[in-house]
Amino acid sequence: MKTTQPGDTKPVPPLSRRKFLEQGAGAALALSVVPRHVLGGPGYVPPSDKVNIAFIGVGSQGLRVMLHFLKEPDVQGVAVCDPNKASADYPQWDTHEFSKSVRALLGVDSGWDWLSPDQPIQLTHALKVTSGVSGREPCQQIVNAYYATRQPSGKYNGCAAYGDYRELLEKQKDVDAVVVCTTDNLHAAVSAAAMKRRKHVFCQKPLTRTIYEARRLAEIARETGVATQIAVGNQASEATRLLCEWIWNGAIGPVREVQNWSTRPFWPQGIERPNQPQPVPEGLDWDSWLGPAPDRAFSHAYLPFVWRGWTDFGCGALGDMGSYSFDTIFRVLKLEAPASVEASSTDRYDETYPLASIVRFHFAPRPDMPAVDFSWFDGGLRPTTPEELLENPPAKTGDAEEDSEGLLFIGDRGKILCGFSGAHPRLIPQAKMDAFKQPPKTLPRSPGNEREWLDACKGGKVKPGGNFEFSGMVTETLQLGNLALRAAQRLEWDRPNLKVLNSEAAQKMVAPERRRGWEL
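Heads up, the working numbering is the position in the sequence shown plus 69, with the first residue counted as 1.
Okay, structure coming up:
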């Protein structure tokens, strides 16, 4: 796999290309640059206090996450990695999104228009977006341009670009931590390899594609002691802490039922494998993109972004969005693993998730909480509207059941309605909320999801809330739900032994075979 070294700041088409500089020369140039803040400006962070980060997986979401981290004063982006060199087919959620975001980072009012060609992309019959440019070379150029604005010379060439994360981890000796934004099927391989090299890891959700992978990442994180965090921001939110404090203090009595509903997916699901293979685009390493997944011919039906609906690459609506809401529910109700799960759905397909589904989890009693039944709805399916809302319709909040996504806790003495992942919690009907005396705020508050992790990377004593031991446990349950969808039967679960007790077919999917060379 060819590596773009730090000195290569060539723009991607339609801009002209430059020759690569030797790695040593590029590194020397990077080391010779004197930061602007050393000259007396405020906010200087010594290099010894910075976290050197490699961004692995820099498609559309990886680009967004990279821009967010670069703004942190104690972050130094040293490398980017993606099997795709560059292409102009990544979905933007808003017109000019990528170009606007990069201009905002750089503090400029113009330029970078080539990042947002804004050609229409029809993701599904109901959702049209516009195209943006991303990949390892555009992101390398963005990182170098950002740090150039902070140098007296206005130049910077210190960010390397790789096509294979294994080469990056082998060669890039200055990396302290990695941010993983690959496809779901590569999360485990990349995170495990990084942790084994004692690199801290921040990983996109869902943590892994399979139950076994989630268990293995939790074990490696525990063994290595590195700082780990999943990209589930609501775990650090005020709303999650309020929900814990309210329910633990008996606001609605013992909770025996939870309902959670989502409008996802807004990517293709419920489809068959394409019949006709297509040529692999220039600049894409298809074998590296496949990772541990079984070999198959290339098709644009798999990428970018639309891989989420394929069982070999993604985790469907439940894995994608459930990562947020399940995190909140697990914390609030002190859950660990369901005793059983069953699912129903629209038509099932061999290789993709269904268009809509209902998944029901049953959790046994915990020491201070009763058994609870938790129902998940996606694809526009919804539970029955609570009678409290029929009698007293609430004002719109912009983040709750009125927007077709929500979360409802049902206790013996009342109900709490929230936005999808727990935002804006309130007792219903409104009269109960008006009369509710909130308990004291006793839980520690968070500085933010990314900040928790960065502080831990630098030796902080507080373990990130979304660490892989906790998020791995949540992910096991998400993927058990997907197993129930694919097996089309009720599954009984033995979590300590990672064992489906009543289905050999489902048990084989707990730890599916991986391609040679991609073992954890």
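C-beta: ideal position from N, C-alpha, C; glycine also.
{"Query": "Beta-carbon proximity of Gly385 to Tyr418, cut-off 7 Å", "Result": "no"}
{"Query": "Whole-number beta carbon distance between Asp253 and Ser331, since they are thought to touch under 8 Å", "Result": "Not quite, the Cβ-Cβ distance comes to about 17 Å (not below 8 Å), so this is no contact."}
{"Query": "Extent of the continuous beta strand (DSSP E) to which Asn329 belongs", "Result": "324-330"}
{"Query": "When Ser540, Ile398, Pro275 are compared against Trp317, the one with the closest alpha-carbon", "Result": "Ile398"}
{"Query": "Segment limits, beta strand (DSSP E) that includes Cys250", "Result": "Segment: none, Cys250 is in no beta strand (DSSP E) and carries neither H nor E."}
{"Query": "Residue span of the alpha helix (DSSP H) that contains Asp524, given as start and end", "Result": "518-526"}
{"Query": "Minimum C-alpha distance to Ile299 - residue among Ala433, Gly534, Arg583, Gln188", "Result": "Gly534"}
{"Query": "One or two residues paired with Ile125 in a DSSP bridge", "Result": "Cys150, Val249"}
{"Query": "Under the three-state DSSP convention, the category Lys506 falls into", "Result": "coil"}
{"Query": "CB contact flag (Trp355, Val349, <7 Å)", "Result": "yes"}
{"Query": "Simplified DSSP assignment, three categories, for Asp243", "Result": "coil"}
{"Query": "Asp182, buried or exposed, once every other Cβ within 10 Å from all chains shown has been counted against 16", "Result": "exposed"}
{"Query": "Inter-residue CB distance, Glu521 and Ala305 (contact presumed, cutoff 8 Å)", "Result": "6 Å"}
{"Query": "Member of Val249, Glu474, Asp437, Cys487 whose CA lies at the smallest distance from the CA of Gly603", "Result": "Only positions 70 to 589 of the chain appear in the structure, and residue 603 is not among them; the question remains open."}
{"Query": "Contact the stretch 452-462 vs the stretch 275-283: 3+ CB pairs below 8 Å", "Result": "no"}
{"Query": "Contact between the stretch 168-175 and the stretch 224-240 (3+ Cβ pairs under 8 Å)", "Result": "no"}
{"Query": "Start-to-end residues for the beta strand (DSSP E) that takes in Cys313", "Result": "First-last for Cys313: 307-317, but that is the alpha helix (DSSP H), not the beta strand (DSSP E)."}
{"Query": "Reference Phe271, options Met135, Pro189, Ile427, closest by Cα", "Result": "Met135"}
{"Query": "From Ser426, Thr415, Asp389, His431, residue whose alpha carbon lies closest to that of Pro407", "Result": "His431"}
{"Query": "Spatial distance of Asn226 from Ala155 (CA atoms)", "Result": "19 Å"}
{"Query": "Residue environment, Asn344, which counts as buried when at least 16 other CB atoms sit within 10 Å", "Result": "exposed"}
{"Query": "Bridge partners - Trp562, DSSP secondary structure assignment", "Result": "Val569"}
{"Query": "CA-to-CA distance, Arg377 to Asp389, given in whole angstroms", "Result": "8 Å"}
{"Query": "Residues bridged to Ile497 [DSSP beta-bridge criterion]", "Result": "Lys484"}
{"Query": "Rounded straight-line distance, which links the Cα of Phe505 to that of Ala257", "Result": "44 Å"}
{"Query": "Supposed close pair Thr193, Trp379 - CB separation, criterion 8 Å", "Result": "So it is not a contact: roughly 14 Å between Cβ atoms."}
{"Query": "Continuous beta strand (DSSP E) stretch holding Tyr231: start and end", "Result": "229-231"}
{"Query": "Range covered by the alpha helix (DSSP H) that runs through Pro455", "Result": "Where Pro455 is concerned, there is no enclosing alpha helix (DSSP H), given that its DSSP letter is neither H nor E."}
{"Query": "C-beta atoms of His269 and Ala287 nearer than 7 Å", "Result": "no"}
{"Query": "Beta-carbon proximity check, Ser117 vs Ser203, cutoff 7 Å", "Result": "no"}
{"Query": "Anticipated Cβ contact below 8 Å, Leu476 with Asn329, distance rounded", "Result": "5 Å"}
{"Query": "Top-ranked residue by Cα proximity to Phe167, from Leu196, Ser185, Pro363", "Result": "Ser185"}
{"Query": "Residues that DSSP places opposite Lys197 in a beta bridge", "Result": "Gln191"}
{"Query": "Pro160: first and last residue of the uninterrupted beta strand (DSSP E) it sits in", "Result": "156-161"}
{"Query": "Paired residues, beta bridge with Ala412 - DSSP", "Result": "Val428"}
{"Query": "CA-to-CA distance, Asp396 to Ala412, given in whole angstroms", "Result": "20 Å"}
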